[in-house]
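*Asks:* Let me give you the structure first, and then I'll get to my questions.
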Amino acid sequence: MLKAVRAAQLAALKAGPRALPVARKAPVKALAPLTLALAAALAAPAAGAADAPPDNRIRTQLASPNAVTVASEIGARITALPVPEGGSFKRGQLLASFDCSAQRAQLDKAQATLDAARQQVKVNARLVELNSISKLEVDQAEARAKEAQAEVSYMQTMLTKCSVSAPFAGRVAKRQAASFQVVAPGTPILDIVETGTLELKLIVPSRWLAWLKPGTKFSIEIDELGRSFPAHVVRLGAQIDPVSQSLPVTGAVDGDTAALLPGMSGWAVFPK
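Those letters in the sequence shown? Residues -49 to -1, 1 to 223, per mature numbering (1 follows the signal peptide of the UniProt record, and there is no 0), in order.
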């Protein structure tokens, strides 16, 4: 019996070294699919990088340097809005007029009060010479004359607000009121935009500061027109966004811009 046990142990010892290579090879075979998957995952970003937009192309949008909402400064009835929605106007052209008959009547009243006050000052000056009036009465008459003069000046200022002229050349983007409508002070009437000089708004990576400067030339491809226009950088933003590491940039279109409108967008293409 003892001899049989010893024989079994000896057989196990002889078989052990031969079994070890099999046990070691099994994990290597199991890791092979994992290694291939990891290699494929590492290669995936490199393939995707070729599909990313090139660094010299940035989205841009056309914007008006001046976009203003014209509002009424007085409470009155609108008598005319001569420029239609979408229409063009020149600088100084009439955009809106109001019925100011009530304000003119108030001016006439203030002027009459001023004339009476000035006449009283003259009479008092003569009475002072005759020692028939006190100094206090003279001062009060002069104060009433100054008050009447201030009222006249105020009404004259109000009459200058009975019409609105264009502060720049542009177009009417939207009408918010209509002729013959009675409006209160501050009521929006027209949205106007300057169209003579349009600006390009871009957001570029901050690393572009190594070469991007005012005056840098580039081109823009307008989506709405399917055309390309030359442009240049006008100014760089004053602060870099710390999160996105980007910088706002303003550009301008060179040449004929008659076909361009605020709000159009496209690609700004910089030379490589």
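Just so it is clear, CB atoms sit at the ideal spot from N, CA and C, and this is done for glycine as well. Because the structure is a prediction, the values reported are computed rather than measured.
Under 8 Å between C-beta atoms, does Leu153 make it to chain B?
*Replies:* Among the chains of the structure shown, chain B does not appear; only one protein chain is present.
*Asks:* Which residue or residues does DSSP assign as beta-bridge partners of Gln190?
*Replies:* Answer is none; Gln190 lacks a bridge partner.
*Asks:* Can you tell me the Cα-Cα spacing of Val155 and Asp142, whole angstroms?
*Replies:* Looking at the two C-alpha atoms, the distance is approximately 30 Å.
*Asks:* Would you call the region 61 to 80 in contact with the region 23 to 33, where contact means no fewer than 3 C-beta pairs closer than 8 Å?
*Replies:* Taking 8 Å as the limit for Cβ pairs, the verdict is that the region 23 to 33 does not touch the region 61 to 80.
*Asks:* Considering only the beta carbon of each residue, do Pro35 and Val123 sit closer than 8 Å?
*Replies:* Yes. Within cutoff.
*Asks:* Do Thr11 and Gly177 have their C-beta atoms closer together than 8 Å?
*Replies:* Not closer than 8 Å, so no.
*Asks:* Going by the beta-carbon positions, is the gap between Phe119 and Arg42 smaller than 8 Å?
*Replies:* Yes, the pair counts as a contact, with Cβ atoms nearer than the cut-off.
*Asks:* Which of the three DSSP states is assigned to Arg69 in this structure?
*Replies:* Of the three classes helix, strand and coil, the one that applies to Arg69 here is helix, per DSSP.
*Asks:* Helix, strand or coil, according to DSSP, for Thr30 in the structure here?
*Replies:* Three-state result, Thr30: strand.
*Asks:* If we require 4 or more residues per run, which alpha helix (DSSP H) segments fall completely within the region 46 to 90?
*Replies:* For the region 46 to 90, whole alpha helix (DSSP H) runs of length 4 or above, ordered along the chain, are 52 to 80.
*Asks:* Does the distance from the C-beta atom of Ile29 to that of Ala101 stay below 8 Å?
*Replies:* Not in contact: Ile29 and Ala101 (Cβ atoms no closer than 8 Å).
*Asks:* Flag this pair as yes or no: are the beta carbons of Ala161 and Ile9 separated by less than 8 Å?
*Replies:* Not a contact, by the Cβ cut-off of 8 Å.
*Asks:* Measure the C-alpha to C-alpha separation of Ser15 and Ala99 and round it to an integer number of angstroms.
*Replies:* When rounded, the distance between both Cα atoms is 45 Å.
*Asks:* Using a Cβ distance threshold of 8 Å, determine whether the region 109 to 116 contacts the region 85 to 97, with at least three qualifying pairs required.
*Replies:* Contact between the region 109 to 116 and the region 85 to 97 is absent, because fewer than three Cβ pairs lie under 8 Å.
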